[in-house]
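A.B. asks:
Number of protein chains: 2
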Amino acid sequence: MTARAEATRERLLKAAKQLVMSKGFAGMSIDDVLKATDLTKGAFFHHFKSKADLADQLMRWYAESDMKMFRTLLAEAEAAHDDPLDQLLKFLTDFEAYLCDPKHPPRGCMYALYTYEDDHFENTVKDFVAETLRTWTAMYIRKFQEVIDRYPPARHVTAKQLAEMFVAVIEGGLILERAHKNPGMAARQSEQFRSYLELLFPSAPHEKAA
Amino acid sequence: MTARAEATRERLLKAAKQLVMSKGFAGMSIDDVLKATDLTKGAFFHHFKSKADLADQLMRWYAESDMKMFRTLLAEAEAAHDDPLDQLLKFLTDFEAYLCDPKHPPRGCMYALYTYEDDHFENTVKDFVAETLRTWTAMYIRKFQEVIDRYPPARHVTAKQLAEMFVAVIEGGLILERAHKNPGMAARQSEQFRSYLELLFPSAPHEKAA
DNA sequence: TTTAACATACCGACTGGTTGGTTTGTAACA
DNA sequence: TGTTACAAACCAACCAGTCGGTATGTTAAA
Numbered sequence: 153m154t155a156r157a158e159a160t161r162e163r164l165l166k167a168a169k170q171l172v173m174s175k176g177f178a179g180m181s182i183d184d185v186l187k188a189t190d191l192t193k194g195a196f197f198h199h200f201k202s203k204a205d206l207a208d209q210l211m212r213w214y215a216e217s218d219m220k221m222f223r224t225l226l227a228e229a230e231a232a233h234d235d236p237l238d239q240l241l242k243f244l245t246d247f248e249a250y251l252c253d254p255k256h257p258p259r260g261c262m263y264a265l266y267t268y269e270d271d272h273f274e275n276t277v278k279d280f281v282a283e284t285l286r287t288w289t290a291m292y293i294r295k296f297q298e299v300i301d302r303y304p305p306a307r308h309v310t311a312k313q314l315a316e317m318f319v320a321v322i323e324g325g326l327i328l329e330r331a332h333k334n335p336g337m338a339a340r341q342s343e344q345f346r347s348y349l350e351l352l353f354p355s356a357p358h359e360k361a362a
Numbered sequence: 153m154t155a156r157a158e159a160t161r162e163r164l165l166k167a168a169k170q171l172v173m174s175k176g177f178a179g180m181s182i183d184d185v186l187k188a189t190d191l192t193k194g195a196f197f198h199h200f201k202s203k204a205d206l207a208d209q210l211m212r213w214y215a216e217s218d219m220k221m222f223r224t225l226l227a228e229a230e231a232a233h234d235d236p237l238d239q240l241l242k243f244l245t246d247f248e249a250y251l252c253d254p255k256h257p258p259r260g261c262m263y264a265l266y267t268y269e270d271d272h273f274e275n276t277v278k279d280f281v282a283e284t285l286r287t288w289t290a291m292y293i294r295k296f297q298e299v300i301d302r303y304p305p306a307r308h309v310t311a312k313q314l315a316e317m318f319v320a321v322i323e324g325g326l327i328l329e330r331a332h333k334n335p336g337m338a339a340r341q342s343e344q345f346r347s348y349l350e351l352l353f354p355s356a357p358h359e360k361a362a
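One line per chain: the protein sequences are F and A, in this order.
First residue of the first sequence: 153, per my numbering; consecutive thereafter.
First residue of the second sequence: 153, per my numbering; consecutive thereafter.
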C-alpha cells in the first residue's frame, strides 16, 4: 500500500467515523462517506470489500487509537508517581481534561454505538468490541488491585467492580453528554468516581496532601 | 380508536421496540415490523403517518411506561419508609431486582439508542428525549436533596451530581450488559452506587441497622 | 327494522428513489 | 508493462411511501 493509498484509506475511515457517530452505522450510507470525501465507489471498494468490512476495519482503527491514548495516559501517570492511587488519580484527572478538550468533539463512544446496533454486525466485530472492552477493563483492574493491596478500602470492594464502574460511568456520562448537548458531563462523572475512590481509600496519601 | 385498532397499534409498537433495540432505528425497516406482526403497509400507515412518526410515537410510548415504572418504584419506597435515605436505598434495591428480572429481557435503554442515532430524528424527538431524561433526573434530585438536608455528606456533593451519576451508572451498565451479553451488570453498577452513598452518608440509619 | 350513508381498519400491488455492490475503464507509478 | 489506485457507469434489491380497493363496523333516516 502506497502512502497515497494509505492517506485515502484514512480519509475514508475518518469521514466514516464522523458519520457513524452522528447517524449510526446503519443510518450511514456508503454514498454519504463518498460525498464527505469527494471519492467514488471505486475508491471505497478498493479499500473495503463491503460495508461490513468497513464496520470491522473502522472499529479496529478506532480501538487502536483509543487504546493507545489510554495506555499513554496511564504510562504518564505511572511515570509521575510511585503510589498506585496517586497514579490512578492522576490518570483520572488527565482523562477528564481529555474529555473536556474541545479539540476532540466527535463526542461519544463507538463501542457503545456498535453495541446498540448489534444485529447489523458480524460476530467477529461484536466479539472484538467485547474483547476490547475487556482489555480496557483489565488495565484498570490491575491498577485498582495494586491500590486495594496497599490500602484497606473502607468498604469491601473488588478491583473488578471498581474497574467496571469506571467504564460504566464514562459510557453513561457520554450518553448524557449527547442527549443534553452538554459537553463535560462525562468528565463530571469521572469526578464523582474519584470522590468515591477517596472515600474508599481514606488512609491513602492524597488526604495528607490535601 | 376502537379496541381492535388500539391492539393493532400496540402490536406494531411492541414489535418496533424489539426490532429497534436490536438493530437500531435506521437499521429497522418498516417491512421488518410488518413481518414481525403479520400486518401490511396499509395497517402501518393507518396508524403512523411516516417512519419518523413511528420514531416519535414509539419514544413517547416507551417513555410513558418507563416513567410509570420509576414512579411506582419510588412511590412504594416512599410508602415503606419515612427516612429519605431508606426510601432511596429501597428504591435502588427494588430497581436492581427489576434489572435482574429475566422477564424484561429487551435489555438496553431506548434513550441511549436514540441518542446515538441523533441525526435521524427530528428535533421534537431529540428534545423529548432530553426532556424525559431531565424529568427522570429531577425525580432523583429531589430525593437526594432531602437526604443531603438531613444527613451531612462525608464529602461535598450536590443532589444534582448524585442524580446524574446514578443515571450515568445505569446507562453505562446497560451498555456493558449488551456488549458482554452479561445480564446483571447494570444492577451491579447500582450496587456500587449504593456503596458510594453509604460512604457519603455514614451517620444515616442504615449503618445502625447493619 | 331495514337499509343507505359513511367512517374506520386494514390489504397488497405499485412507484420512484436509494442502497450496497459490480464492472469496465484509465491514469499514474513501479 | 504490469500493477496499483482510483473513476464512472451500471445493476438488482430494497427502501419508504402511495393508492385503489375491501371488509367491518357505526349512525341514522325511512
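Backbone N, C-alpha and C fix where the C-beta goes; we use that ideal spot for every residue, glycine too.
Measure how close the beta-carbons of A:LYS220 and A:ALA229 come, nearest whole angstrom, since I'm counting them as under 8 Å.
C.D. replies: Your numbering for residue 220 of chain A matches position 68 in the second sequence. Your numbering for residue 229 of chain A matches position 77 in the second sequence. Not really, about 15 Å apart at Cβ, beyond 8 Å.
A.B. asks: Closest to F:ARG259 by C-alpha separation, out of F:PRO335, F:PHE345 and F:GLY176, would be which residue?
C.D. replies: Residue numbering aside, residue 259 of chain F sits at position 107 when the first sequence is read from its first letter. When only C-alpha atoms are compared, the closest one is F:PRO335.
A.B. asks: Among A:ASP253, A:LYS278 and A:ASP246, which residue has its Cα nearest to the Cα of A:LEU265?
C.D. replies: Here residue 265 of chain A corresponds to residue number 113 of the second sequence, with the count starting at 1. Cα-wise, what sits closest to A:LEU265 is A:LYS278.
A.B. asks: Measure the alpha-carbon distance for F:ARG212 versus F:ALA167 and round it to whole angstroms.
C.D. replies: Sequence index remark: in the first sequence, residue 212 of chain F carries index 60 (1-based). Sequence index remark: in the first sequence, residue 167 of chain F carries index 15 (1-based). Computed Cα separation, rounded: 15 Å.
A.B. asks: Could you give the distance in angstroms between the alpha-carbon of A:ARG346 and the alpha-carbon of A:THR160?
C.D. replies: Taking the second sequence and counting its residues from 1, the one referred to as residue 346 of chain A is at position 194. Taking the second sequence and counting its residues from 1, the one referred to as residue 160 of chain A is at position 8. The straight-line gap from Cα to Cα measures roughly 42 Å.
A.B. asks: Below 8 Å between beta carbons: does that hold for F:MET317 and A:GLN341?
C.D. replies: Residue 317 of chain F sits at position 165 when you count from the first residue of the first sequence. Residue 341 of chain A sits at position 189 when you count from the first residue of the second sequence. Yes, the Cβ-Cβ distance between F:MET317 and A:GLN341 is below 8 Å.
A.B. asks: Counting only beta-carbon separations shorter than 8 Å, does F:LEU352 have a partner in chain A?
C.D. replies: For the purposes of this step, residue 352 of chain F is taken as residue 200 along the first sequence, with counting starting at 1. Output row for F:LEU352: interface = yes.
A.B. asks: Name, please, each residue of chain A whose Cβ falls closer than 7 Å to the Cβ of F:GLY325.
C.D. replies: Numbered from 1 along the first sequence, position 173 holds the residue referred to as residue 325 of chain F. Per Cβ cutoff of 7 Å: ALA320.
A.B. asks: Between the stretch 320-327 of chain F and the stretch 318-334 of chain A, do at least 3 Cβ pairs fall closer than 8 Å?
C.D. replies: At 8 Å Cβ cutoff, the stretches touch.
A.B. asks: Leaving out five residues before and five after F:PHE247 in sequence, what residues of the same chain have Cβ atoms less than 7 Å from its Cβ?
C.D. replies: On the first sequence, residue 247 of chain F is found 95 positions in, with the first residue counted as 1. Same-chain partners within the cutoff: LEU225 and SER342.
A.B. asks: So A:THR289 and A:ALA315 are supposed to be a Cβ contact under 8 Å. How far apart are they, rounded?
C.D. replies: As a working note, residue 289 of chain A is residue 137 in the second sequence. As a working note, residue 315 of chain A is residue 163 in the second sequence. Indeed they touch by this definition, with Cβ atoms about 5 Å apart.
A.B. asks: Please report how far the alpha carbon of A:ARG156 lies from the alpha carbon of A:SER181, in whole angstroms.
C.D. replies: Here residue 156 of chain A refers to the residue found at position 4 of the second sequence. Here residue 181 of chain A refers to the residue found at position 29 of the second sequence. Straight-line Cα distance between these residues: approximately 24 Å.
A.B. asks: Please go through the same chain and pick out, in chain order, the residues whose beta-carbon is closer than 8 Å to the beta-carbon of F:ASP330, but skip the five residues on each side of it.
C.D. replies: Sequence index remark: in the first sequence, residue 330 of chain F carries index 178 (1-based). The sequence shown places Arg at residue 330 of chain F, not Asp. For F:ARG330, where only same-chain residues beyond five positions count, the Cβ hits under 8 Å are ARG259 and GLY260.
A.B. asks: Would you kindly work out how many angstroms separate the C-alpha atoms of A:ALA249 and A:HIS332, rounded to a whole number?
C.D. replies: One-based indexing of the second sequence puts residue 249 of chain A at position 97. One-based indexing of the second sequence puts residue 332 of chain A at position 180. Roughly 20 Å between the two C-alpha positions.
A.B. asks: Between A:GLN239 and F:PHE200, what straight-line distance do the alpha-carbon atoms span, to the nearest angstrom?
C.D. replies: Taking the first residue of the second sequence as 1, we reach residue 239 of chain A at position 87. Taking the first residue of the first sequence as 1, we reach residue 200 of chain F at position 48. Straight-line Cα distance between these residues: approximately 55 Å.
A.B. asks: Which two residues bound the contiguous alpha helix (DSSP H) that contains F:LEU171?
C.D. replies: Here residue 171 of chain F refers to the residue found at position 19 of the first sequence. 155-175 is the extent of the alpha helix (DSSP H) around F:LEU171.
A.B. asks: Compare the Cα-Cα distances from A:THR287 to each of A:TYR263, A:ARG302 and A:PHE273 and report the closest residue.
C.D. replies: As a working mapping, residue 287 of chain A is identified with position 135 in the second sequence. Of the listed residues, the one whose Cα sits closest to A:THR287 is A:TYR263.
A.B. asks: Using beta-carbon positions only, say whether A:PRO236 and A:VAL299 come within less than 8 Å of one another.
C.D. replies: Looking up residue 236 of chain A in the second sequence gives position 84. Looking up residue 299 of chain A in the second sequence gives position 147. For A:PRO236 and A:VAL299, yes; Cβs fall inside 8 Å.
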